Amino acid sequence: MVDIHEFEDIINLPQPTSKKHPRMSAIDRAAQFSPFAALAGYDAAVRETVRLTDRRIELDEYEKVELDRRFQILRDHLSDKTEVAFTCFVPDERKAKSI
């Protein structure tokens, strides 16, 4: 443990000021302790890699028949002005294209 009385002789002294060097601004002093990015762009590359994207879903014949049936139901009710939402696949241009 440090004895708090050990520094009583200097605790209230004014902060020393250099006669050769001007005082550094608080912003410049803070910049000394800011994080250093040794690998520029690395964080962006990691974020892009882990970004979740889905692959295109290919429907089998049974699913296509079911989808056609549901479209027919919608077509039969067009005059009802029913609101319908669709989700469709849009390829992600920034991800690798699948073969």
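Residue numbers 332 to 430, in the numbering used here, belong to the letters of the sequence shown in order.
All C-beta atoms in this analysis are idealised placements derived from N, C-alpha and C, irrespective of residue type, glycine included.
Just so you know, these numbers come straight off a predicted model, no measurement behind them.
Original post:
Do Arg382 and Phe420 have their C-beta atoms within less than 8 Å of each other?
Top reply: Between Arg382 and Phe420, the CB-CB gap reaches or exceeds 8 Å.
Original post:
Rounded to the nearest angstrom, how far is the Cβ of Thr384 from that of Asp423, given a contact under 8 Å?
Top reply: So it is a contact: roughly 5 Å between Cβ atoms.
Subject >> Whole-angstrom distance between Ile335 and Arg360, CA atom to CA atom >> reply: The straight-line gap separating the alpha-carbon atoms of Arg360 and Ile335 is approximately 28 Å.
**OP:** Tell me the start and end of each unbroken alpha helix (DSSP H) in the segment 363–428 that is at least 4 residues and wholly inside, in chain order.
**Re:** Segments of the alpha helix (DSSP H) lying fully in the segment 363–428: 373–381 and 392–407.
Original post:
So Leu398 and Leu390 are in contact, right, with Cβ under 8 Å, and what is the actual spacing, rounded?
Top reply: Indeed, because the Cβ distance is near 7 Å, the residues count as touching under 8 Å.
Subject >> Whole-angstrom distance between Val415 and Ile430, CA atom to CA atom >> reply: The predicted position of Ile430 is uncertain, since its pLDDT is 46 and thus under 50; a value taken from the coordinates is nonetheless stated next. Each residue's CA atom was taken as its position, placing Ile430 and Val415 some 33 Å apart.
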